[in-house]
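Heads up, the thing below is written out as structure tokens.
Protein chains: 2
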Amino acid sequence: MKASILTVGDEILIGQIVDTNSSCIAQQLGDQGISVCEMRSTGDTREAITGALDELFALSDLIIITGGLGPTKDDVTKHTLAAYFGATRMAQHEPTLRHIKKLLGKRGIALGELNQNQALVPDTCEALLNLAGTAPGMWFEKDGKLAVSLPGVPHEMEYLMANEVIPRLKKHFSLNKIYHKNIATAGIAESTLAEAIAAWENALPPYLRLAYLPSLSGVRLRLSCYTADAHANIADEVEAYLRQLQPLIPSCIVGYDGDTLESAVGQLLKARGATMATAESCTGGRIAALITAQPGASAYFKGSIVAYSNDLKIRALGVFRDEIKEHGSISKVVVEQMARGAQYALHADYTVATSGIAGPDGGSPGRPVGTVWIAVATPDKVTSHKLNFGGDRERIILRASYSALNLLRLALTDDGNAC
Amino acid sequence: MKASILTVGDEILIGQIVDTNSSCIAQQLGDQGISVCEMRSTGDTREAITGALDELFALSDLIIITGGLGPTKDDVTKHTLAAYFGATRMAQHEPTLRHIKKLLGKRGIALGELNQNQALVPDTCEALLNLAGTAPGMWFEKDGKLAVSLPGVPHEMEYLMANEVIPRLKKHFSLNKIYHKNIATAGIAESTLAEAIAAWENALPPYLRLAYLPSLSGVRLRLSCYTADAHANIADEVEAYLRQLQPLIPSCIVGYDGDTLESAVGQLLKARGATMATAESCTGGRIAALITAQPGASAYFKGSIVAYSNDLKIRALGVFRDEIKEHGSISKVVVEQMARGAQYALHADYTVATSGIAGPDGGSPGRPVGTVWIAVATPDKVTSHKLNFGGDRERIILRASYSALNLLRLALTDDGNAC
């Protein structure tokens, strides 16, 4: 079964918002063995939507449409779908109207016309009650093919996918699974990684496909088996290949599938019953935000001191004023004192500290924008690294944050063979 | 002139990565008056790419293609383009080869075959030297239409767009400007906003189009003038409409065009010569990260104490242990003490503090997941608000962070008419 995804909205075509819905929908379909053959974004005009539906139905059996269902008048999707799927009138969806009234009542807002109209759906669709918002989803069938229209607000789309769309797809179709295995790596460049594992990659059987997915946190490898009737023991087979891969890139493998640097650090800390904290200058709280984005982080994360000013590095982290005077705040000695100071101030077993120049200003010939010192303190010792990152401010901050997490991960695995 | 954007890569179709390139490209084209009529993502097979090129050339004069040019072997884009654009052979692009050698030399890596191949391009294209990476861009012309292929790594694509593609487009075409004006709002729901400004919106002339773009930080309004020959005085005309809009939603307008909550807070602080700091529990450093993502934040941002543990709230922020015992850490009195404590501990004029339950665990019937207390301390007083956010952990953390920034913004504007 093939699917396609259609995103409707001028705000996407002019680049004002990034379409995150399509990747989320593709993941959920992929988990059910439904592969996506195309994604499109088109403007919110009748012609564009109708044309896209015609072309996507020619390619696929299922179209998931998002966007164009908000309460305001820049939305034409619903009326275009009504015409496309031969509706004779708009019908009130009573469960949606009751839900909207209840929702507004809670907030003490009277039911306005805009919200009332959201309960109207074409009479040829099955309405999907949206408990995460006000606009209902719409399920259309035509000539044995399906189109499902969902609101563009991400958490509303996610609610409807999980609670209405996926369960209905499971009921209607017997689905083949696609097998994917992801390997998260850190601290190794794509081309270095490719050369290190070339022999292993070339020996993979033809039904296993390998992809390299670089990102700021590291290169993710993805092994996919697209065979319609994947071997019953494909998981075991892949495990055997992974056992061969591991020694080729020791200490670069962060984890598998949903694992990330931040979740790997959390797992290592929990396994040791240890705690961590951060002392951040140039990363400005980003490392703490990455760590605390993990559910259950309070089990191992004590907190952070974001010390943007030298004054605060001295008072809150115990850095010596004289060291800052002599070496500058972006130096080995200062970043190591920050990491040590955070262990004391925040009562943590492990800490990471950062100090650098995120730019765009503040660089100098000997110390350009992108220069970052990172220190890791463990119960045994403190070590530090001077790194140079390219790119703009956002990129430098994120790469420094991920590098700090990777250095902490390596300290927690006690592995000297750092990538 | 119409453009379309084609993103190549299975990693997008399976939802593993979010396509951020398309929105970035669309913005840059839009700034030059080139409107994008369609975006597509397709798999990295010869058939899919060729089919997409045929269909997109039927719709548009320019196709910007990203992805499928990395050093590793999962890329087929370059060879498909060579065939599509009638190349007879692959030619070495000497500036690219010199650049790759220099780049690898700096890192002490020998030139491998994978990297050497990146300097090969179809002989029918003009190669675009990529100083941000190794894979060159490729500029093809066919039957008076253009296709430009760029690497998928975002900062490499951005480099080539800014330094090679846009300058060439400007030289080749006389471009009409599209006029956009963005109004960033905060603290007001989309439907409430729509009803508050309905009369104003209905009185807009037909050549001005209004769109509502909701996000976690607030609803952005976008006024667009698509007329090919936009009035010379369109900017003045829009200014006049904005003056009418302002009193309809007092204190909800954060700023215009590129302004955001975090940049608005920065501007207000700089105008007052004042400083700020944060004391974060449930937001885990996210507010500090948002603030420090702004270039020049060190002029007004002192730092942050991320106090995940009660122990740290007591020691670092001076919260009374007895208050935590009596009221719990998610309470008015504790969050106000945190904000006050941060003023003293971080020597800041203004502070925001957060304490709440980001979930998924930790909720109770009387205090569900999503309950967040936010306090703002100014030199004059401390105030606090209890808010309830829906959604998952990430959403709750971000909404709490943006709400905190908006409350700080309102405190800095001394405006009692909070939305």
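Residue numbers (the working numbering), protein chains in the order written: chain R, 1 to 419; chain U, 1001 to 1419. For every residue, glycine included, the Cβ atom is placed at its ideal position computed from N, Cα and C. Only a predicted model underlies this, so the values are computations on that prediction, with no experimental measurement involved.
With distance defined between alpha-carbon atoms, name the residue in the options nearest to residue i.
i          : options                                           : result
LYS1145(U) : ALA1289(U), ASN1310(U), LYS1002(U) and LYS1386(U) : LYS1002(U)
ASN130(R)  : THR77(R), GLU158(R), ILE324(R) and VAL265(R)      : GLU158(R)
PRO360(R)  : PHE389(R), ALA348(R), PRO379(R) and ALA339(R)     : PHE389(R)
LEU317(R)  : PHE301(R), THR354(R) and SER384(R)                : THR354(R)
SER23(R)   : THR1260(U), LEU1248(U), PRO1205(U) and VAL1018(U) : VAL1018(U)
LEU1069(U) : GLU190(R), ALA91(R) and THR50(R)                  : GLU190(R)
GLY303(R)  : ASN310(R), ALA293(R) and ASP311(R)                : ALA293(R)
ARG1409(U) : SER1263(U), LYS1381(U), SER1298(U) and LYS1313(U) : SER1263(U)
LYS1270(U) : LEU1412(U), ALA1058(U) and TYR1402(U)             : LEU1412(U)
THR378(R)  : MET39(R), LEU242(R) and HIS347(R)                 : HIS347(R)
Is any beta-carbon of chain U found at less than 9 Å from that of residue i?
i         : result
TYR308(R) : yes
THR134(R) : yes
GLN267(R) : no
GLY296(R) : yes
ASP392(R) : yes
SER420(R) : Past the edges of chain R, shown from 1 to 419, lies residue 420(R), and the structure says nothing about it.
HIS180(R) : yes
SER384(R) : no
LYS302(R) : yes
PRO360(R) : yes
PRO167(R) : no
ASN406(R) : no
Any beta-carbon of chain R closer than 9 Å to the one on residue i?
i          : result
MET1039(U) : yes
ALA1418(U) : Any reading at ALA1418(U) needs caution, since the residue's pLDDT is 42, under 50, leaving its predicted position unreliable; the model's value is listed next. False, the Cβ-Cβ gap to chain R never drops below 9 Å.
ALA1125(U) : It should be noted that the sequence gives Cys, not Ala, for residue 1125(U). Answer no: the Cβ-Cβ gap between CYS1125(U) and chain R never drops below 9 Å.
TYR1402(U) : no
GLY1285(U) : yes
GLN1027(U) : yes
GLU1094(U) : no
ARG1321(U) : no
SER1022(U) : yes
GLY1112(U) : yes
ALA1235(U) : no
ILE1017(U) : yes
GLU1055(U) : yes
Please look up how many angstroms separate the CB atoms of residue i and residue j, rounded, as I've assumed it's under 8 Å.
i          : j          : result
ALA1026(U) : LEU13(R)   : 6 Å
TYR256(R)  : ASN202(R)  : Between ASN202(R) and TYR256(R) the Cβ distance is about 22 Å, and since that is not below 8 Å, they are no contact.
CYS1225(U) : TYR1212(U) : The Cβ separation is near 17 Å, so there is no contact.
ILE396(R)  : HIS385(R)  : Contact flag wrong, Cβ pair sits at about 15 Å.
VAL76(R)   : THR42(R)   : Incorrect: roughly 12 Å between the Cβ atoms, too far for contact.
THR1275(U) : PRO1154(U) : With 8 Å as the limit, THR1275(U) and PRO1154(U) do not qualify as a contact, their Cβ atoms being about 33 Å apart.
GLU156(R)  : GLY1112(U) : GLU156(R) to GLY1112(U), Cβ: 48 Å. No contact.
VAL1254(U) : ALA1186(U) : 5 Å
ALA1160(U) : THR1134(U) : Per the sequence presented here, residue 1160(U) reads as Leu, with Ala not at that position. LEU1160(U) to THR1134(U), Cβ: 12 Å. No contact.
TYR300(R)  : GLY266(R)  : 6 Å
ALA297(R)  : ALA342(R)  : Actually they do not touch by this definition, with Cβ atoms about 16 Å apart.
ARG1321(U) : ILE1314(U) : 5 Å
Do residue i and residue j have their CB atoms nearer than 9 Å?
i          : j          : result
THR80(R)   : ALA1289(U) : no
VAL376(R)  : THR383(R)  : yes
ALA1127(U) : PRO1095(U) : yes
GLU1326(U) : GLN1337(U) : no
GLU1280(U) : ILE1249(U) : no
LEU1433(U) : LEU1223(U) : Chain U is shown from 1001 up to 1419; residue 1433(U) falls before or after that span and cannot be answered.
ALA1162(U) : LEU1053(U) : no
THR1149(U) : ILE1065(U) : Reading the sequence as shown, one finds Ser at residue 1149(U) and not Thr. Closer than 9 Å, so yes.
ALA1087(U) : ASP1143(U) : no
SER401(R)  : ILE234(R)  : no
ASP1044(U) : ASP1010(U) : yes
ARG40(R)   : ALA83(R)   : no
LEU245(R)  : ILE188(R)  : no
Measuring only between beta-carbons, confirm whether residue i sits less than 9 Å from chain B.
i          : result
ASN1130(U) : The structure shown contains no chain B; its protein chains are R and U.
Exercise. Quick one: which unbroken beta strand (DSSP E) runs of 3-plus residues sit fully inside the stretch 1107 to 1188 of chain U? Chain order, please.
Key: For the stretch 1107 to 1188 of chain U, whole beta strand (DSSP E) runs of length 3 or above, ordered along the chain, are 1120 to 1122, 1126 to 1128, 1137 to 1142, 1145 to 1150 and 1179 to 1185.
Practice problem: Ignoring anything shorter than 3 residues or poking outside the stretch 186 to 244 of chain R, list the beta strand (DSSP E) runs there in chain order. | Solution: Here the runs fully enclosed are 209 to 215 and 218 to 225.
Quiz item: Of all the alpha helix (DSSP H) runs that stay within the bounds of the stretch 1020 to 1108 of chain U, which reach a length of 4 or more residues?
Solution: Within the stretch 1020 to 1108 of chain U, the complete alpha helix (DSSP H) runs of at least 4 residues are 1021 to 1031, 1046 to 1059, 1077 to 1084 and 1094 to 1107.
Quiz prompt | Completely contained beta strand (DSSP E) runs for the stretch 311 to 398 of chain R, where each covers 3 or more residues | solution = Fully enclosed beta strand (DSSP E) runs of no fewer than 3 residues occupy 350 to 356, 371 to 377 and 382 to 388 of the stretch 311 to 398 of chain R, in order along the chain.
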